[in-house]
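A.B. asks: Quick note: the working numbering has the sequence shown finishing at residue 185, numbered continuously throughout.
One structure, as structure tokens, below. Some questions next.
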Amino acid sequence: MAVLQDAFSQTDAPDLRLPLFFTKSSASQSAGLAFLERAKVRTEDRDTDNGGAVTDPQAKALITWCATPDPEHAILRAIRQPALVVSGSHDTMLPADNAYAMFKALRNAQLILYPDSGHGALFQYDELFVSHVRTFQEA
């Protein structure tokens with residue numbers, strides 16, 4: 047995947063997540079640095095790292111879903127429960143156009159696109175994201 051190769055090639059980035067999850071704008075990169083700092087704050091009662099036990103099945107499910115021909119989006123159209131679709135406006139890993147297509151295919155969905163953000167939009171707009179999720183859950 048070109049996006050991953052690009053991120054790994056940016057050896058001047060202090061953390062791989064900056065080029066991978068955030069746009070190149072100074073505002074987005076600053077938000078990325080703030081995210082990295084927040085990630086270090088909690089040192090106790092952290093979730094255990096499940097490693098491949100979680101990431102491998104997740105990757106397999108994603109690859110299977112992407113490789114399964116479904117031009118009419120029958121799988122998405124079959125979902126009846128409310129869905130919240132969230133994306134960064136400049137997500138290079140999963141472009142916002144895909145989020146919009148998913149939103150259109152789901153019967154009961156809400157779509158949120160965060161501006162000047164990449165795949166880490168929920169980390170860049172952490173407080174707003176939590177507010178949006180709470181509103182969605184309470185509806």
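Here a beta-carbon is modelled for each residue, glycine too, at the ideal position from N, C-alpha and C.
Here's the rule I'm using: 16 or more other beta-carbon atoms within 10 Å means buried, otherwise exposed. How should L64 be labelled?
C.D. replies: Buried, because 16 or more other Cβ atoms sit within 10 Å of the Cβ of L64.
A.B. asks: Using beta-carbon positions only, say whether G166 and G78 come within less than 8 Å of one another.
C.D. replies: Yes, these two residues count as a Cβ contact at 8 Å.
A.B. asks: Out of curiosity, what's the CA-to-CA distance linking S177 and S72?
C.D. replies: Roughly 24 Å separates the two Cα atoms.
A.B. asks: Would you call the CB atoms of Q156 and V131 closer than 8 Å?
C.D. replies: Result yes, Cβ atoms of Q156 and V131 sit closer than 8 Å.
A.B. asks: If you check the beta carbons only, do H119 and A145 fall under 8 Å apart?
C.D. replies: Not in contact: H119 and A145 (Cβ atoms no closer than 8 Å).
A.B. asks: Using the Cα positions of D95 and A147, report the straight-line distance between them to the nearest angstrom.
C.D. replies: Roughly 32 Å between the two C-alpha positions.
A.B. asks: So N154 and A129 are in contact, right, with Cβ under 8 Å, and what is the actual spacing, rounded?
C.D. replies: N154 to A129, Cβ: 7 Å. Contact.
A.B. asks: Just the Cα atoms here: how many angstroms apart are I109 and T101?
C.D. replies: Their Cα atoms are separated by approximately 12 Å.
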